[in-house]
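Have a look at the structure below, then the notes.
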Amino acid sequence: MSVFKIEHVYYSYDSGKTPVLKDINYEFEKGKTYSIVGKSGSGKTTLLSLMSGLDKPKDGKILYNSTDISKIDEDVYRSRHVGVVFQSFNLLPHMTALENVILSIDVSGIKVKNKKEHALDMLNKVGLDEEKANRRVLMLSGGEQQRVAIARALSYNPDVVLADEPTGNLDSTTEKQIMDIFKDLAKQDNKCVIIVTHSPNVSNNVDNVYNLENN
Amino acid sequence: MYIFKNALKSITRSKGRNILIGIILTVIAISSCVALSIRNSANELVQSYKDTYDISATLSLNRQSLRSDFKNSQGGSITTAPQDFMANIPAIDVDSVNKYGNSDYVKSYYYTIQTSLNSSNIEEVTSTSNSSSQGSFGGNFVIKQIDKQSGDFRLIGYSSEESMTQFVNGSYKITSGQLFDFNSTENTCIITDELAEANSLSVGSEIKLVNPNNESETYTFKVVGIYSDSSENTEEFSMFSSAANQILTNANVLNTIVTNSKVNEDTKLNEQISSNYNLKNADVIDAFTNELTSKGLSSYYTVSTNLDNFNESVKPLENISSFATVLLIIVLLVGGVILTILNMINIRERKYEIGVLRAIGMKKNKVLGQFLVELLVVTIISIMLGSVIGSVISVPVANNMLKNEIESQQSSQNQIDQNFGRSGGSAVLQSAGGQNKIMSMFKIQSQVDYIDKINAVIDAKVVLQLILIGLGLTIVSGSISMIFISRYTPLKILSSRT
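Structural data, given as structure tokens:
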């Protein structure tokens, strides 16, 4: 049973003259990793924006657990149902890694007994110890910041993790470590992990690959 | 709850920005605090002064009306002598004074009655170092009859202690014996030490007074007290030879003597009555005047009050209150504009933060709430700081402003006095709350009692007003934030950053 389904999605930036996305139909299941690939300008990031609820398709539907996401409050959708990992991390620089994760828990409104402990667990899961967790994010390396972004995306236990070029700014060693985290999430935690990438290393390490150039 | 925590984190970790906003807000708070405290204190002082100030009304001849009617009376073939015309003016007697005083608009009233008599057993004092004038009584004596003979001694009857202004202000002091009883019907009196010395009189001595129009009409007065007169020699006009020849008694006794003399038109004593009505407040002046007219007060009389004196007294305070209001408006306008611009810059600088918060699902109103809480916390701290600094500087600032205002008023009054050839310096300074009621009552024609001190305190009202101002500014600048935050979409913010 698919957790995420894209049906006949169209999108264009200029009132439909030159569609970026045209009749996209993809299905995603829990426990699997997916990559969406394509050359620059093919609409990878646009598709991820639509899937994360940051933008709306001009036509077609995106279904989350069989519910059209346009029917779900976009803030609730983003804060509880999908976890988004951005290429440029998008962390709050005046906060520590731990505070960034706790903030995400607070925004989601989920009930957690000990937020700090839960956030530390998330950070440990992606390989960050307590010392690093208490550093301001600007004092962390790019790889560590990306781990914080993943921990933040996982903090409220969403079914789907969306990642936009998560290894785009990282070296190959770190890229592999990050990919291992994503694979573990799918296999051990039964998450649906969807990665937008143009990296062959990433594509070769996922269960399914959707190529936008084929549309 | 996390909004508050997040806001506090943002404040403590963006010190530079918040200190800048805090400084501007503190300056606004200090200025507003000073302006508000001065304005409120000045207004309260004016109100308090208004509540406690005795609005004093007196009756005097309406010269304009007299002149006009006299002119009209000369128009026909029959001409009237001015004395005859004046003699026909309806008199105000003690009964009328009591009738007028029995009013809902009157707090208290008193009167003084005067006449002159001769004496068969004492001699008048012909030369004296002190010569207190009749004018210093301040009342507007209404001369009932002016064509009778004058005696050597001035007999003055007082209705109450309040009417004995020279004793109240300390010009006269009992040196031996005691004051007569105001309710007594016995002929008791007090005399000046000069008169006592000149005639070897002492407490217990008797004075025989004679109606100058009827030598068979005599009255024996017992001296119950002797007083000294320390008033300055003013050399003003007096129909009597010397203030030393005054004999003071109560109004009942003197009224009885005057009434007795009325048995025969030829023996009637000259009678002068001065009445003073302390009104409840300035707002009842017109109603009181109308009531007197309805009670039969002739149109030849006019009701004069010390309202001008009151208005003059509070004018510097009212000017300062107006200045403080203008200052407050300017501070709020300029401060509001600066704060709004700063807030706009702040929002633009934090666009990325807004984008991230919105991207992780924080609702617009919560993002706005966080920004408002930040601004509110800085505002409250600034208001507290501003209140403390404002409370320290508002008193000297207020008093300095008042001093300058009084000097300006005095200078302008002195200039007017000089223009009229009078010597200047007619102002009396007094502290707030210490209204010199009696003095002000009896110097209404010549002196202005300026209030020269304001206790510009920061009370709960000022703090509440400051908080409201802070909230107002926060809401105004917050609404600008709301517009910006509503316009921003997380996708646009984050993609522009990328």
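Chains as they are written, first to last, in the numbering used here: chain W, 98 to 312; chain E, 65 to 562.
Ideal Cβ positions, reconstructed from N, Cα and C, are used throughout, including at glycine.
Please read these numbers as outputs of a predicted model, since none were measured by experiment.
- The beta carbon of Lys-73(E) sits closer than 7 Å to none of the beta carbons in its chain outside the five residues before and after it.
- If only complete runs of 4 or more residues are kept, the stretch 192-269 of chain W shows the alpha helix (DSSP H) at 194-205, 212-222, 227-230, 239-251, in order along the chain.
- Contact between the stretch 182-190 of chain W and the stretch 247-263 of chain W is present: three or more C-beta pairs spanning the two stretches fall below 8 Å.
- Beta-bridge pairing by DSSP links Lys-237(E) to Ser-292(E).
- The three-state reading of DSSP puts Ser-132(W) in strand, counting E and B together.
- At a cut-off of 8 Å between C-beta atoms, Leu-251(W) does not count as an interface residue with respect to chain E.
- Residue environment for Gln-111(E): exposed (fewer than 16 other C-beta atoms within 10 angstroms of its C-beta).
- Under the three-state reduction of DSSP output, Val-327(E) falls in the coil class, being neither helix nor strand.
- Two segments are said to touch when three or more pairs of C-beta atoms, one from each, lie closer than 8 Å; by this definition the stretch 251-264 of chain E does not touch the stretch 221-234 of chain E.
- Cβ neighbours of Tyr-174(W) within its own chain (closer than 8 Å, five residues either side excluded): Gly-150, Tyr-161, Ile-166.
- Contact note: Ser-205(W) reaches chain E through Gly-425, using a C-beta cutoff of 8 Å and chain order.
- When 9 Å is used as the limit between beta carbons, Asp-152(W) is near these residues of chain E: Thr-553, Leu-555, in chain order.
- The alpha helix (DSSP H) runs of length 4 or more contained entirely in the stretch 333-397 of chain E are, from start to end of the chain, 349-358.
- Taken atom to atom, the span from the alpha-carbon of Ile-271(E) to that of Ser-129(E) is near 42 Å.
- Contact with chain E is absent for Arg-232(W), since none of that chain's Cβ atoms lies less than 8 Å from the residue's Cβ.
- In this structure, Leu-436(E) is the residue among Lys-525(E), Arg-127(E), Arg-551(E), Leu-436(E) with its C-alpha nearest to the C-alpha of Gly-536(E).
- Contact with chain W is absent for Leu-72(E), since none of that chain's Cβ atoms lies less than 8 Å from the residue's Cβ.
- Using a CB distance cut-off of 8 Å, Val-441(E) does not count as an interface residue toward chain W.
- Under the three-pair Cβ rule at 8 Å, the stretch 457-464 of chain E counts as touching the stretch 95-104 of chain E.
- Tyr-283(E) is bridged by DSSP to Leu-273(E).
- Taking each of Ser-264(E), Ala-315(E), Val-327(E) in turn and checking the Cα distance to Glu-281(E), the smallest one comes out for Val-327(E).
- Sequence-distant Cβ neighbours of Glu-187(E) in its own chain, meaning closer than 7 Å and more than five residues away, are Ala-262, Asn-263.
- Remark: three or more beta-carbon pairs, one from each stretch, lie closer than 8 Å, so the stretch 87-94 of chain E and the stretch 442-453 of chain E are flagged as touching.
- Residues are counted here when their Cβ sits less than 7 Å from a Cβ of chain W; for the stretch 78-91 of chain E these are Ser-78, given in chain order.
- For Asn-308(W), the secondary structure class from DSSP, reduced to helix, strand or coil, is strand.
- In chain order, Thr-193, Ala-194, Leu-195 place their CB closer than 8 Å to the CB of Asn-231(W), counting only its own chain and leaving out the 5 sequence neighbours on each side.
- For the set Leu-309(W), Pro-297(W), Ile-291(W), the Cα lying nearest the Cα of Phe-101(W) is the one of Ile-291(W).
- Residue state for Lys-428(E) is assigned as helix, using DSSP reduced to three classes.
- When the beta-carbon positions are compared, Asp-170(W) and Met-426(E) stay at least 8 Å from each other.
- Neighbours of Val-420(E) in chain W, taken as residues at a C-beta separation under 8 Å, are given in chain order as Asn-187, Leu-188, Leu-189.
- Contact with chain W is absent for Glu-438(E), since none of that chain's Cβ atoms lies less than 8 Å from the residue's Cβ.
- In the structure shown, the three-state DSSP call for Phe-435(E) is helix.
- Non-local C-beta neighbours of Ser-300(W) in its own chain, meaning closer than 7 Å and more than five positions away in sequence, comprise Ser-132, Val-134, Thr-294, Val-306, ordered along the chain.
- Using a CB distance cut-off of 8 Å, Glu-413(E) does not count as an interface residue toward chain W.
- With fewer than 16 neighbouring CB atoms inside 10 Å of its own CB, His-105(W) falls in the exposed class.
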